[in-house]
Structure formats: structure tokens, C-alpha cells
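In what follows, a single structure is set out as C-alpha cells and then discussed.
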Amino acid sequence: MPWTKIFSNQAEFDLALGGQGLRALSFREALVEAQRFLLQDDPRVLLMGEGVDDPGAIFGSTAGLAQSFGKDRVMDVPLAENGMTGVAIGAALAGLRPIFIHMRNDFLPMCMDQLINHAAKWSYMTGGRVNVPLVVRSIVGRGWGSAAQHSQALHGLFLHVPGLKIVAPATPYDAKGLLIAASRDGNPVMFFEHRWTFDYVGYVPAEAYQVPLDQGVRRRQGSDATVVAIGWMVNEALKAAAALEAEGVSLEIIDPRTLLPLDMPLILESVAKTGRLVIADTACHTGGTGAEIACRVAEWSPGALKAPVVRVDFPDAPTPASTALEKTYYPDAEAIAQAVHRTLREG
Amino acid sequence: MPQLSDIPPQDRRRLWETMLLIRRFEEHIVDVYGQQEMQSPVHLYIGQEAVAAGVCLHLRPEDYLFSTHRSHGHCLAKGADVFSLYAEFYGRAAGCCRGKGGSMHPCAPEVGILGTTAIVGGGIPLATGAALASKLLGQGRVAVTLFGDGASEEGAFHESLNFAALKALPVVFVCENNFYATASPIHQRQPHDDIFRHAAGYGIPAAQVDGNDAAAVYFAAREAVQRARRGGGPSLIEARTYRWKGHVGPSCDWENGCRPKQELEQWMDRCPLERFTQRLLQSGDLTEQDIRGTLERTDVMLARELERAKHSPPPASSEVWRHVFHETK
Ligand SMILES: Cc1ncc(C[n+]2csc(CCOP(=O)(O)OP(=O)(O)O)c2C)c(N)n1
Ligand SMILES: [Mg+2]
């Protein structure tokens, strides 16, 4: 299916799908299109964030929107992340549908009080009478010495907080469909993007559509091992699958797309078939999304695994600045392929 | 109004040399950045040199300095080593953070720089805490934090002013108001741009100075540091200045529509280094020959240290796992 595929550039897309008359957009453009639609379609939607209206436009992902909708609906905000998150939550309580945008995940810890103690709790504390229709977009940085405070991937932290939904799109198609669904959802939704996906190209229909917030997708059919890959790691998993295919190993790739709710039926179905599970995440190792997935597999299908689960993720260390150390720090397709080999050896 | 003659001659000279060092240190980065070997996001300080120079001249090596993402000038003025900064920006093992921090997180504990945060506003409470430690330990050290106009929007700024005033802490808050946070102009983020006014609500003495006038910064900082040192509590200095380069990286940003070119040119006409150079030439503190000589010595030294840093070895990959926790011996 064309919308499950991703290409590193337009030429690759044209080669594979261009002949079918399909439209290609980059991940970045897909985000712009989703927000443009939301702003047009619903007067309650507004974008808030540091630099949303500036020439950089959040790595281009809000390009042109301030010009079209004005600075009241595409609103630059002071550097006051927790307070401004509270403002966005208050506005959401009182009838708006804000999309709050951070250029880096690393600024989310500034907002923990408002997100965790307020947004996540509000529906419950009010007995379901008042909800928080808020989306928080934030981007994971990587490379060029971004270092410890500009390259964290913190989606796993939020898994532990009931009341927040967590989304991590890997493709342009999902970026658009999930963002529209997140804005319509009526709950606080943490929307995690990876900077390196921004230039990736894929099929994106021009019309508005939603990707449901609880459905993963099988990116590749295979029979020997399952890789559950999150965000950017979907790309690495696809590369690993191509390399492994040459060796006669058939990889199935599951992209959960939303981490909470998590599409466990899809994952369990795949593991039941392959009996081997590798989880590839763009975050640190301990206590993360991979741990949760592995645990649920163990809880729900303890007999399905023929070999121990292997996680491919970042070391339990902050990101080093040095390019030499980044090379060691970040796992890639090769690391996924090695993990797959391990599950094949051990089972 | 204090005169240049109120600055001791050796301080005049040091002020000028520090500004020159910072300017050329940054320009050397501009020159090599295109080689793409210095893989670190550099936030250059060109245009703001008078602030770091004028403030840090009053500090002792054991006094504390907490900086920001735009740290280079602050660190140099406080006495950090040129080679270990350049090596850090190149991600080398010999860097001041063993290549783990990069341009945004230099440290030099030997001169009171205990680490640098790139989370905007993050350094302000840290300096306040260092001042608390100095006071409780009876050390007589002063803590200084330099930060931008954007940081003055953070809750941590206001919370720190309150606490520092409450406990009469020896801390000097120095806001470098360069009127922008990335590409966002201050009038889009704050109702007025007189940042020094925030101090009044906490009963903290404050000054607003021309941050492109090294002497003006020098006098304001002297008063504030002396106040802190004699137990008179915190001060806030707002130094109004301007950055010449883009928010990050070696190029300008007006081409991308980040700000008006004319505005940049007006500020460049008020170059802090050039203005102070002219004053010292007039006062006889400097001669054209001094200038040439110092510039040449500075450039030779910087070029040498930069080359040495560039060619020094990267950290071993095992460094990824080291120092997550403090290593006890
Ligand atoms: C808490 C936080 N929010 C946002 C950022 C992204 N950011 C880095 S520097 C910067 C602008 C800072 O402006 P200012 O404090 O005036 O310092 P200047 O860059 O002008 O020196 C922003 C928004 C950050 N690093 N930390
Ligand atoms: Mg500023």
C-alpha cells in the first residue's frame, strides 16, 4: 500500500510510485498541510510556540501559516514554557483547540507540571465534565553536536502518565493523518516528531483524513522475526530488512504509530507468527517504550516467543556532543540486523 | 557620569584586550566553520563583547559564572583556556568537557565556571544557588549569571530574583538585552523592553547600561560586584546590546528576513570594540602600533590553538558510558 512506504527523496518516490499519479509530500509539508487544514476548518484551532511565525518556521513545519491566518492564530509566545503550556491548557478548557509546538523535546521538561499535574488529570479530576483538547508537538533533534540538552527523545517518560496520549509518526502520510486526529481527539496528545524524518517523502492525499490514534501498521510482511520500530527507527528497520533479505532472512516490521494507546493486537499477531521480537526505539534504554512492549508481550503471549526479546535503542547515557561519540551512541540499521541475528541464533 | 580616567590604566587595557580576544576567537570560528569539522552549534558573541569583558574584569578566579548557549565570550572573559574551548567545540578528548558538552556546555571549574546550560533561563537559579553556597560557607565568592532578554521571560528568572533578594545573596544578574530571542523580537514577547525594571518589584538595585560601551558596563558591574562582595545582596544589570551574526552559526540572518539589515548596520556602527579602541587611542592608552602588535599576537595564538585543537584526537568510544555518574576514586 503506497501510504505505508517512505522515500528519502522525491526521485526515489517517482521511481516507485510516480507512475501511479500519486502526490508526494515531505513529512514537513504534510505537517504544514494538516495544520493549514485544521486552522481553516476549525476557528478554535490555534498554533502556539516559540518561533512558530518566524522565517525558520519550526524547521519549516509551520511555513506560511502565520501569513495566511495571522499572528493571533499562529502565535509566537514568550520563553516561558510551563506558564505558556498552562495558558494553552486554560484556553483548551475554555473552548480553544491549541496546538503547542516545541522545537525540541528537551523543552518539555520545563512543562512537566502543567502537562502531568494539570492536562493529564483534568478530565478525571472533573469526573469527565471538562476536557483538554490540546496537542503538544515536539521534535527530537539529532546530530551536529546537539548534545545532552538538544537531542532527547522523551516519549517514554509520558507513557507513565495516565491521561496523555502519545503519538510518534514515521511517515508523511501518518504525520498528516495523526495530527488531524490528535487535534480532533479532545484529549491532551503528545505528538513526537523526529527531525531526521522531516525531509522524507511519501504519498499524501490532498484531502483531509484521519489516522486513528490506536492503530499501528505493518510496514513490511515477513516471517522470521518481528521488528517493532518507533519513529525514525522505522527507516532504519526498513534498511535492515532489505539487507537481511539478501541473506534470506524475512523481517516483519510493525510501526505502532501511537504509543498510547498501543496497538497490542497487531504486535501480538506478528509475534505469534514470527516468534522473535526486536524493538527499535529512538530513546534511552531503561524504562522506555520498548520495556513496556516487551512486558506486554510477556504478559499476554508468554508462549509465543522462541527467543529472548532484543531492544535496540540508545545507551543509558545523555547524548554526547562529539561526532565521534554520536557514532557510537546512535544505533542504526546494522544494529537492528545484528539484533535480528541474535534472536535467530538464540531461538 | 564616571570618566574613562576613573578606570585604572591596567583595567582599561585588559578590557580592550579581552574584547579583542573574544572578537578574534569568534572570527576564527567563522573562518573555519565551513570546513564542517567543527560539528557543534555555535552561538557567536560578536557584537556583545563589552558586556562579558566589563563584567568579568571585576571577578576573581574563584567567583562563579553561569552562562548560556551563547557562552564563548563569557568563558574567555572569565579566564577559560582557549585550546580547551576550541577542542571542546571540535568534540575532542582534550576539550574542557572531554568532547561531551560541545559549544553550548563548556565548563572550567578552575576559573569558577561549573558548567553551562543551554536551557534558556537555566543558569539563573544555578547562580543563585552558588551564591547561597558561598554565603552559607562564608566564602565571600560572588556569583554572576549572564543571560539574554529571552531568559528574563522564564519563571526561573523571577523566582531567582525573589529568592536572592529574600536571602540577600551575593549574586549579580546580568541580562544582555540584544532585543531578540532567535528570530523573535522582544516587542513580540514582552510588553516593554526595559528589563531592569523587573528588579524594582523585588527591591533589588538595578542599572540599565549601554552594553556596547565597555566603560559603562565596567562601572555598573563594579558597583554590583562590590555590593555583592560586601554582603549587600543581589543586583540586576541590563546591558543593551546587539548580536551581529544569526542566532546560531557563522552567517548573518537578515538575508532570511529575521531582522532588518538597517537595524544591524546601525548597531555595527556602534561596534563596542571599535568604540573603545578609539577612546583608548584618544586617551593615549593605546597606540596604532600597540593595536597591530596585540592583534597579531592574539591571532597567532588563536590560530595555533585552533589548529592544535582540530588535530587533537577524538574521545574513545567507551567515553559514551563514562561520567553518567560521578566516578568515585
Ligand atoms: C527553555 C528553552 N526554550 C527554548 C529554547 C530554544 N532557544 C535557544 S536560545 C533561544 C533564544 C534565547 O534568547 P535570549 O535569552 O535573548 O538569548 P540570545 O540568544 O539572544 O543570546 C531559544 C528560544 C531553549 N534552549 N530553552
Ligand atoms: Mg536575546
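From first to last, the protein sequence lines stand for chains A and B.
Position one of the first sequence corresponds to residue -15 (this note's numbering), numbered consecutively onward.
Position one of the second sequence corresponds to residue 17 (this note's numbering), numbered consecutively onward.
For glycine and all other residues, C-beta sits at the position ideal for the given N, C-alpha and C.
Beta-ladder partner(s) of residue i, from DSSP
i      : result
A/M174 : A/V120 and A/I150
B/S251 : B/V188
A/M32  : A/M59 and A/F84
B/Q224 : B/E254
A/E236 : A/T210
B/S200 : B/A197
B/V264 : Bridge partners of B/V264: none, in fact.
B/T161 : B/F82 and B/F189
A/L9   : A/G186
B/A124 : B/I129
A/F298 : A/C268
Residue i: CB within 7 Å of a non-hydrogen atom of ligand 1
i      : result
B/D165 : yes
B/V136 : yes
A/A131 : no
B/H59  : yes
A/L63  : yes
B/R275 : no
B/T303 : no
A/M68  : no
B/E323 : no
B/H208 : no
A/R329 : no
B/H263 : yes
B/R259 : yes
Residue i, buried or exposed, once every other Cβ within 10 Å from all chains shown has been counted against 16
i       : result
B/R313  : exposed
B/S334  : exposed
A/S122  : buried
B/A216  : exposed
A/L(-1) : exposed
B/R76   : exposed
A/E191  : exposed
B/L153  : exposed
A/P356  : Only positions -15 to 331 of chain A appear in this structure, which leaves residue 356 of chain A out of reach.
A/V188  : buried
B/E42   : buried
Near ligand 2: residue i beta-carbon under 7 Å from a heavy atom
i       : result
A/N(-7) : no
A/N89   : no
B/A172  : no
B/A197  : yes
B/N228  : no
A/N171  : no
Residue i vs residue j beta-carbon contact at 8 Å
i      : j       : result
B/V187 : B/A143  : yes
A/M248 : A/W284  : yes
B/G89  : B/E65   : yes
B/S200 : A/G35   : yes
B/I202 : B/L252  : no
A/L235 : A/V296  : no
B/H44  : B/R86   : no
A/A103 : A/V116  : yes
B/D79  : B/G111  : no
A/L99  : A/T69   : yes
A/R202 : A/I164  : no
A/D193 : A/F(-9) : Contrary to the premise, residue 193 of chain A reads as Tyr rather than Asp in this sequence. No, these two residues do not count as a Cβ contact at 8 Å.
B/P304 : B/A255  : The residue asked about is misnamed: residue 304 of chain B is Glu in this sequence, not Pro. In this structure, B/A255 does not lie closer than 8 Å to B/E304 by Cβ.
A/I73  : A/L15   : no
B/P288 : B/V46   : no
A/Q133 : B/I140  : no
B/W260 : A/P299  : no
B/F163 : B/E321  : no
A/T210 : A/S254  : yes
A/A224 : A/A317  : yes
A/T273 : A/I320  : no
A/E220 : A/A264  : yes
B/G117 : A/A308  : no
Cβ-heavy atom distance, residue i to ligand 4, below 7 Å
i      : result
B/N194 : As for ligand 4, it is missing from this structure, which binds only ligand 1 and ligand 2.
Chain A contacts from the stretch 189 to 206 of chain B (Cβ-Cβ distance under 7 Å): A197, T198, A199, S200, Q204, R205 and Q206
Near-chain B residues of the stretch 64 to 79 of chain A (beta-carbon distance less than 7 Å), N- to C-terminal order: A64, N66 and G67
Selection of the stretch 15 to 46 of chain A by Cβ proximity to chain B, strictly under 9 Å: Those residues of the stretch 15 to 46 of chain A that come within reach of chain B (Cβ to Cβ, closer than 9 Å) are E34, G35, D37, D38, P39 and G40.
Residues of the stretch 156 to 175 of chain A whose Cβ lies closer than 9 Å to any Cβ of chain B, in chain order: none
Chain A contacts from the stretch 77 to 90 of chain B (Cβ-Cβ distance under 8 Å): none
The stretch 120 to 132 of chain B: positions lying closer than 8 Å to chain A by Cβ: For the stretch 120 to 132 of chain B, the beta-carbon criterion of a distance under 8 Å to any beta-carbon of chain A is satisfied by M120 and H121.
Chain-ordered residues of the stretch 107 to 121 of chain B with a beta carbon less than 9 Å from chain A: Residues passing the 9 Å Cβ filter: G107, R108, A109, G111, C113, R114, G115, K116, G117, G118, S119, M120 and H121.
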